[in-house]
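Only one structure is covered here, and it is reproduced in the block below.
Set out below in structure tokens:
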């Protein structure tokens, strides 16, 4: 399987998604469309991973539009797609749904609650890393997958091959440190989770997050046992 990853900022990498790919001996390609303006084609993509970033799908930028075109092609071809944060918003935007300011800015660790039993063996309550102040409108053709105490629209499942999450299950310990130290001022400004960058690092990554990340990827790629 060829996995193509769209990374939008240096401090938000694929984390445990790369670990999962290595376990399966997959080909793993990371693209930086904002920096280099290069995207994979739909034909050379077996799984598309769209990571987070500080930009908005509403920004009038050519590479954002080109990403949406790629997502549209993959949706039509029924290929698996996983989007985190900005990535999930990009999927929703491509489908014609709104991206708007969330009722609360969430930066830090907070619970998310499972809203669907379609994917087996996912815990009802998990602690995820949040790093956002916008949210997606859940596509009508999708089902709500996760919610949090402050923002209902936290995840969606479209068919059996597309998942978008507003939060992050993919970061491992070193990834959390990289996110927090490089974007350390972001949690300090009107953050409704009231956590500092130092507190976010100190919290640590719940061990079940990697397992759940693997299960979500297994599900959309038909590797679920």
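In the UniProt record's numbering, the protein residues as written are 1 to 225. Idealized CB from N, CA, C, for every residue including glycine.
Between the CA atoms of residue j and residue i - distance to the nearest angstrom
| i | j | result |
| --- | --- | --- |
| residue 29 | residue 2 | 8 Å |
| residue 46 | residue 199 | 38 Å |
| residue 284 | residue 138 | In the structure as shown, the chain starts at 1 and stops at 225, and residue 284 therefore has no counterpart that could be examined. |
| residue 133 | residue 192 | 10 Å |
| residue 60 | residue 40 | 21 Å |
| residue 80 | residue 221 | 6 Å |
| residue 195 | residue 107 | 7 Å |
| residue 124 | residue 118 | 12 Å |
| residue 93 | residue 203 | 32 Å |
| residue 164 | residue 121 | 18 Å |
| residue 22 | residue 219 | 17 Å |
| residue 100 | residue 114 | 22 Å |
Local Cβ density within 10 Å of residue i, reported as buried at 16 or more and exposed below that
| i | result |
| --- | --- |
| residue 27 | exposed |
| residue 98 | exposed |
| residue 24 | exposed |
| residue 37 | exposed |
| residue 128 | buried |
Anticipated Cβ contact below 8 Å, residue i with residue j, distance rounded
| i | j | result |
| --- | --- | --- |
| residue 151 | residue 103 | 7 Å |
| residue 179 | residue 131 | 7 Å |
| residue 49 | residue 82 | 5 Å |
| residue 141 | residue 158 | 6 Å |
| residue 105 | residue 190 | 6 Å |
| residue 51 | residue 14 | 7 Å |
Terminal residues of the beta strand (DSSP E) in which residue i lies
| i | result |
| --- | --- |
| residue 108 | 99-114 |
| residue 49 | 47-50 |
| residue 143 | 143-148 |
Run of the alpha helix (DSSP H) containing residue i, from where it starts to where it stops
| i | result |
| --- | --- |
| residue 21 | 16-23 |
| residue 66 | 62-76 |
| residue 128 | Not the alpha helix (DSSP H): residue 128 falls in the beta strand (DSSP E), residues 125-136. |
| residue 197 | 197-203 |
For the 8 Å Cβ check, are there 3 or more pairs between the stretch 53-72 and the stretch 163-177?
-> No contact exists between the stretch 53-72 and the stretch 163-177.
contact_flag[the stretch 206-215, the stretch 69-77] where n(CB pairs < 8 Å) is 3 or more = Contact between the stretch 206-215 and the stretch 69-77 is absent, because fewer than three Cβ pairs lie under 8 Å.
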